[in-house]
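Undergrad: Just dropping this structure here.
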Amino acid sequence: MKTIILAGGLGTRLAEETVVKPKPMVEVGGKPILWHLMNIYGAHGFHEFIVALGYKGEVIKEYFLNFHALNANLSVDLSTGRHMAQHSAPTPWNVHLVDTGLNTQTGGRIKRLASWLGEDDTFFLTYGDGLGDVDLSALLAFHKRHGKLATITAVRPPARFGGLALEGDQVIRFSEKPQTGEGWINGGFFVLDRRVLDYISGDATLWELDPLERLAQEGQLQAYRHEGFWQPMDTLREKHLLESLWESGKAPWKVWP
673 MKTIILAGGL GTRLAEETVV KPKPMVEVGG KPILWHLMNI YGAHGFHEFI VALGYKGEVI
733 KEYFLNFHAL NANLSVDLST GRHMAQHSAP TPWNVHLVDT GLNTQTGGRI KRLASWLGED
793 DTFFLTYGDG LGDVDLSALL AFHKRHGKLA TITAVRPPAR FGGLALEGDQ VIRFSEKPQT
853 GEGWINGGFF VLDRRVLDYI SGDATLWELD PLERLAQEGQ LQAYRHEGFW QPMDTLREKH
913 LLESLWESGK APWKVWP
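Mapping of the sequence shown onto this note's numbering: residues 673 to 929, in sequence order.
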């Protein structure tokens, strides 16, 4: 089963990093967030990815072209220029890197990948900038049970600021909560029937507007509630949060060995 990863946006709210690289290549713990995301899928046995490229897509291509060299020990003979990556544990990913246009919107990028889906009737879709400990096997089973065209993973919105409990002017409790616990928002991690492509008009279509709205109106969109960890990386503050979790050795999204 294939996984589409949307990796072509400009990432303007993380301009400190994305001036030289696309947002999915911003690093957490020395590895691109895209690597973390693909490991989440790989941990559940899903190893084939279609990465929708746009802004600075060449940086992502260069990373995967040099993947073995970047993730293994190297021996270099400086007299001849020959080099060899030393043996390392194989990564069983099949990665398709597809240019979907610089200014194409999210829906348009999905539509452009129709031929890359082959004969698969069902596929995963997610954004290249959000991490979570979503049980993808349970998500897929949920999608198959309800029989509708689309499943969206609903998550609790992360708190952007510390919470205060007050008595008068006195702070009696402060909590830096990872989730607000109020309401549900789009967390990505979709499972889709390929017939959803018919809901996308073309390059200018935002997946989050007309297609999802129409699917909801027609009763074809179901929500898989994820109560666990989920965190986007839209700002430098959120990058630092993910970085600190990784450095602690207790990153909730690290579901692989």
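Ideal placement from N, C-alpha and C gives every residue a C-beta, glycine not left out.
As the structure is a prediction and not an experimental result, all values here were calculated from the model.
1) My guess is that Val-770 and Val-723 are in contact by the Cβ rule of under 8 Å, so how many angstroms apart are they, rounded?
2) Output the distance between the C-alpha atoms of Trp-856 and Gly-790, rounded to the nearest integer angstrom.
3) Tell me whether the stretch 694-712 and the stretch 816-824 touch, counting them as touching only if at least three CB pairs, one residue from each stretch, are closer than 8 Å.
4) Taking Cβ positions, are Ile-782 and Ala-895 nearer each other than 8 Å?
5) I'd like the ranges of any beta strand (DSSP E) spanning at least 3 consecutive residues and lying wholly in the stretch 714-770.
6) Consult DSSP for Gln-894 and reduce its assignment to one of helix, strand or coil.
7) Can you pull the DSSP bridge partners for Val-698?
8) Using only the alpha-carbon positions, how far apart do Pro-764 and Asn-745 sit?
9) Which class does Thr-772 belong to by DSSP, given the choice of helix, strand or coil?
10) At what residues does the alpha helix (DSSP H) containing Pro-883 begin and finish?
11) Which residues does DSSP list as the beta-bridge partners of Gln-903?
12) Of the choices Tyr-871, Lys-703 and Phe-718, whose alpha-carbon is the least far from that of Glu-736?
13) What's the gap between the Cα of Ile-668 and the Cα of Ala-786?
14) From Asp-882 to His-912, what does the alpha carbon distance come to, in whole angstroms?
15) Where Ala-822 and Glu-910 are concerned, what is the direct C-alpha to C-alpha distance, given to the nearest angstrom?
16) Tell me the DSSP secondary structure of Phe-861 in three-state form.
17) At the level of alpha carbons, what is the spacing between Asp-1017 and Ser-916?
18) So what does DSSP say about Lys-693, is it helix, strand or coil?
19) Specify the secondary structure class of Ala-684 as computed by DSSP and reduced to three states.
20) Return the CA-CA distance between Asp-870 and Phe-861, expressed in angstroms with no decimal places.
21) Measuring only the C-alpha atoms, how far is Phe-721 from Ser-920?
22) How is the beta strand (DSSP E) around Ala-786 delimited, first residue to last?
23) Beta-carbon within less than 8 Å of Leu-878's beta-carbon, same chain only, minus the 5 sequence neighbours each way: which residues are those?
24) Where do the ends of the beta strand (DSSP E) carrying Leu-678 lie?
25) If we ignore side chains and look at the alpha-carbon of each, how far apart do Gly-680 and Lys-693 end up?
TA: In short, the structure shows the following:
1) With a Cβ gap of about 7 Å, Val-770 and Val-723 count as contacting.
2) Here the C-alpha atom of Trp-856 lies approximately 33 Å from the C-alpha atom of Gly-790.
3) Touching, no.
4) Going by C-beta atoms, Ile-782 is not nearer than 8 Å to Ala-895.
5) Whole beta strand (DSSP E) segments, 3+ residues: 720-725, 746-749 and 754-757.
6) If DSSP states are grouped into helix, strand and coil, Gln-894 belongs with the strands.
7) In the DSSP assignment, Val-698 is bridged to no other residue.
8) Cα to Cα, the separation comes out at about 18 Å.
9) Looking at Thr-772 - three-state DSSP - the assignment turns out to be coil, as it is neither helix nor strand.
10) Element bounds for Pro-883: 882-889.
11) DSSP lists Leu-803 as partners of Gln-903.
12) The amino acid occupying residue 736 in the given sequence is Phe; Glu does not appear at that position. The option with the nearest alpha carbon to Phe-736 is Lys-703.
13) This structure gives no information on residue 668, because the portion of the chain shown stretches from 673 to 929.
14) If I take the Cα positions, the gap works out to 34 Å.
15) So the alpha carbons of these two residues sit roughly 29 Å apart.
16) It is coil, neither helix nor strand.
17) Only positions 673 to 929 of the chain appear in the structure, and residue 1017 is not among them; the question remains open.
18) In the three-state scheme derived from DSSP, where H, G and I count as helix and E and B as strand, Lys-693 is classed as coil.
19) First, the residue type needs correcting, since residue 684 is Thr and not Ala in the sequence shown. Helix.
20) So the two alpha carbons sit approximately 20 Å from each other.
21) Answer to the nearest angstrom: the Cα atoms are 29 Å apart.
22) First-last for Ala-786: undefined, no H or E at that position.
23) Once the five neighbours on either side are set aside, the close Cβ partners of Leu-878 are Gln-777, Thr-778 and Gly-779.
24) Taken as a continuous stretch (DSSP letters only), the beta strand (DSSP E) holding Leu-678 covers 674-679.
25) Gly-680 and Lys-693 have their C-alpha atoms roughly 11 Å apart.
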